[in-house]
Amino acid sequence: MTSNLDHAKCLSPRRNTTAAGSVEELVSEQLEHFGISSDSEYGKALSSTATNLYQAQSDVMRLWDITSNSLKSLNKEDRLAYFNAKKFLSFQIAKILDTLQNPFRATYQSLSGGNGSQGHYPLFDNVTALFSATPVIVRTATYVYACTEWVDDAFQGKEFTHQIYSRLLNPTNISLANAIVDMEAGPYSADYLAWNFNSGMAAIDGLLSNVLSHGDVLIVSRNVYGGVYQLLHDYFARENRMNIQLAWFDGYTKEAFEAFYEETRHTYEDKLNNGANLHVYLESPCNPHGYVLDVPGISEVAHANDSLVMLDSTLATPVLHQPLQHVNKAARPDYIVHSYTKDICGSGATTAGVVIGENYRMFQPKGACMNGYDWSKTLFWDVYYIKGAFLDSEKAFDVLNGMKTLEQRIKSKVINTKVFTAFLNAHPQLRVNSHAVVTHDNAGLCEKQHTHGWPCALFTVDMAPAELEREVFVRFFDALEPAFSHQVSIGQTNTIILCPALTSHSELSPDEQKKAGIELTTMRIAMGTDNVKQLIAHFMLAARHFIDPHAPGFSAKFMSPEDVDNLYQRVSMEVCEQYYSSVPKTAELLQE
């Protein structure tokens with residue numbers, strides 16, 4: 002058990018070399034370190050203040066121990082009391098720090114002879130920012146350090162009060178990392194850590210670079226974003242680069258994966274016997290069709306064989322699926338990836354990404370070893386620390402703001418997705434690839450795995466059954482603007498449409514596109530929060546103008562306007578009822 006003196010030592014400027022055996026000796030060392038005479042009036046006041054601070058550090062650590070041991074047994078009233086008492090204590094500590102600033106400023110100004118030639122010192126202005134109602138945008142490349150031994154600890158990963166460099170850590174960035182872990186891991190948040198990257202692709206590259214070794218075997222779900230396919234196929238799999246052996250999994254269920262895993266293990270038996278690792282990379286829901294994979298079942302199979310599972314859960318967001326909250330740890334993926342650029346931010350103004358994993362795989366101080374896992378293998382030291390794909394504070398702030406409306410935006414998108422896919426599916430000459438359609442092969446997994454069985458907002462529509470000439474299809478497609486935005490990045494508030502064969506998945510060869518279910522006339526639609534009835538009307542008008550002259554009667558096979566209105570009313574009521582019925586009752590909230 003850590004003693005009060007050990008707790009106090011962390012405040013000492015000689016925390017690593019002190020010979021003090023008491024708080025009094027720590028205080029004497031501190032005064033001597035800064036050349037302050039203990040007999041002077043200043044020395045006596047500083048000695049008294051430092052003594053109280055060392056004792057306060059011990060007392061605060063004792064408060065933390067009491068909280069940790071008692072929190073689960075407290076009723077909600079006591080938890081509220083604990084929270085507010087500690088919140089006020091934070092203001093008291095900050096008030097003491099703020100009081101220190103005036104003599105600090107005066108002393109600093111006296112060093113320049115009072116003419117301000119040394120410029121402004123930033124510590125004077127930062128105290129009140131501690132209590133900003135939203136995370137502060139910290140725009141700095143570097144930080145002010147306290148003393149040599151604290152800086153040394155910071156570079157060893159042992160002192161988080163001392164952030165080294167904004168390429169590594171930034172207070173706004175850390176606020177976002179804490180927020181996404183809370184959303185994804187919920188009751189297990191203490192076990193997980195996140196690192197934010199400058200884009201979703203940077204996050205994926207960072208994760209793969211950390212997990213994979215030269216010559217490893219990687220099982221990849223067939224439908225992944227085209228950029229990921231390109232990264233894997235053109236970089237990691239190249240013999241002169243990482244020589245990763247890629248095995249493309251075409252199924253979605255646990256049973257199909259189990260059979261494919263055994264097949265893959267047999268195919269690469271020699272490599273695996275010679276030290277290669279076999280790991281798994283999934284995208285669920287997947288791009289471009291939005292299909293859901295049985296993530297818990299696949300994770301169980303992989304973990305039974307000591308394989309790591311990496312999941313890109315961008316399209317689910319923590320609203321639709323929270324795979325890290327599965328009660329059975331073996332059913333959880335080892336890593337979660339998000340492209341913040343999409344729904345989590347939602348504004349379309351920021352590119353950002355994140356990797357979430359268990360603490361010991363993400364960060365350990367230099368020299369540490371947890372669960373048999375060496376510190377140098379952690380994502381932080383192995384990749385994040387050296388690659389520099391960090392997320393700057395302005396982008397982190399944008400994502401944090403977007404998170405505030407995520408749940409409401411997803412609810413609106415669910416309504417729009419259900420309505421629009423039902424409208425399209427009613428047309429006999431269109432093929433809708435979406436688990437929002439209850440008769441679709443993937444609908445069962447969506448119902449089983451997603452919150453309320455809600456669909457993701459991405460799906461594809463295949464016009465091939467309509468047997469349209471390419472030129473007719475292109476003219477129709479181009480006419481879908483402005484109701485449908487011709488943009489690439491998904492997850493915004495506006496509805497986006499594109500042809501994946503020509504854009505998001507153009508990196509795939511024609512043969513690979515065919516395997517992924519992508520035709521030249523396949524349209525990928527990412528629903529927004531806009532008025533779905535206006536979208537439907539525009540779609541019908543474009544079909545009437547450009548398709549009907551070449552396929553008479555095509556637009557007449559759409560739903561009637563009255564049926565569309567009834568569909569919208571029914572689906573909206575159904576989704577809202579599901580949402581509101583899941584909110585805990587007031588009596589339950591009082592009893593927690």
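Residue numbers (this note's numbering): 2 to 593.
Note that CB positions come from ideal geometry on N, CA and C, so glycine has one too.
On a predicted model such as this, the values are computed, not experimentally measured, just so you know.
Measuring CA to CA, which of the options is closest to residue i?
| i | options | result |
| --- | --- | --- |
| Q430 | D463, V212, A444, H451 | D463 |
| P136 | T50, T68, A178 | A178 |
| L283 | N241, Y269, L233 | L233 |
| Y269 | W376, I537, L219 | L219 |
| L54 | L72, H8, I67, I416 | H8 |
| S561 | F381, P585, L425 | L425 |
| S308 | T315, I299, S314 | I299 |
| Y193 | A21, K330, L47, E78 | K330 |
| Q246 | Y361, F92, L279 | L279 |
| L27 | E42, S41, Y43, T50 | T50 |
| N567 | V420, S48, F477 | V420 |
| V221 | V229, G201, A248 | A248 |
| C11 | S48, S583, A57 | A57 |
| N241 | G216, Y253, E256 | G216 |
| R471 | M528, H551, T461 | H551 |
Can you tell me which of the three DSSP states residue i falls into?
| i | result |
| --- | --- |
| W249 | strand |
| E359 | strand |
| M464 | coil |
| W65 | helix |
| R432 | strand |
| M524 | strand |
| M243 | coil |
| M541 | helix |
| H453 | helix |
| N17 | coil |
| F198 | strand |
| V384 | helix |
| I205 | helix |
| V565 | helix |
| E284 | strand |
| G156 | The residue you asked about is not Gly; residue 156 is Phe in the sequence shown. The answer is helix: DSSP assigns F156 an H, G or I state. |
| T170 | The residue you asked about is not Thr; residue 170 is Leu in the sequence shown. Here L170 sits in coil by DSSP. |
| Y193 | strand |
| Y269 | coil |
| Y374 | strand |
| L446 | helix |
| L459 | strand |
| L12 | coil |
| V400 | helix |
| N76 | coil |
| A180 | helix |
Which residues does DSSP list as the beta-bridge partners of residue i?
| i | result |
| --- | --- |
| S222 | F250 |
| V28 | In the DSSP output, where bridge partners are listed per residue, V28 has none listed. |
| T379 | In the DSSP output, where bridge partners are listed per residue, T379 has none listed. |
| F391 | F198 |
| T143 | Y166 |
| L591 | Answer by DSSP bridge pairing: none, since L591 is not bridged. |
| L279 | V218 |
Do we get a CB-CB distance below 9 Å when we pair residue i with the residues of chain D?
| i | result |
| --- | --- |
| A527 | No chain D is part of this structure, which consists of one protein chain only. |
What does the alpha-carbon distance come out to for the pair residue i and residue j?
| i | j | result |
| --- | --- | --- |
| R333 | N197 | 21 Å |
| S23 | Q31 | 13 Å |
| N306 | Y226 | 27 Å |
| N17 | A353 | 38 Å |
| D153 | L169 | 16 Å |
| C148 | P289 | 53 Å |
| C370 | G358 | 16 Å |
| N103 | F125 | 8 Å |
| K378 | T143 | 26 Å |
| L401 | A180 | 8 Å |
| P188 | L325 | 10 Å |
| V565 | K87 | 54 Å |
| I416 | D344 | 15 Å |
| N443 | Q157 | 48 Å |
| A390 | I205 | 11 Å |
| I387 | A303 | 30 Å |
| Y361 | G36 | 41 Å |
| G368 | T318 | 35 Å |
| A95 | N127 | 10 Å |
| G347 | L407 | 8 Å |
| Y253 | L316 | 16 Å |
Going residue by residue through the region 324-372, where are the continuous beta strand (DSSP E) segments of at least 3 residues, counting only ones entirely within it? Runs found: 336-340, 354-359.
Can you list, in chain order, the stretches of the beta strand (DSSP E) that have 3 or more residues and sit fully within the region 294-324? Fully enclosed beta strand (DSSP E) runs of 3 or longer: 310-313.
Going residue by residue through the region 474-518, where are the continuous alpha helix (DSSP H) segments of at least 4 residues, counting only ones entirely within it? You should have 511-516.
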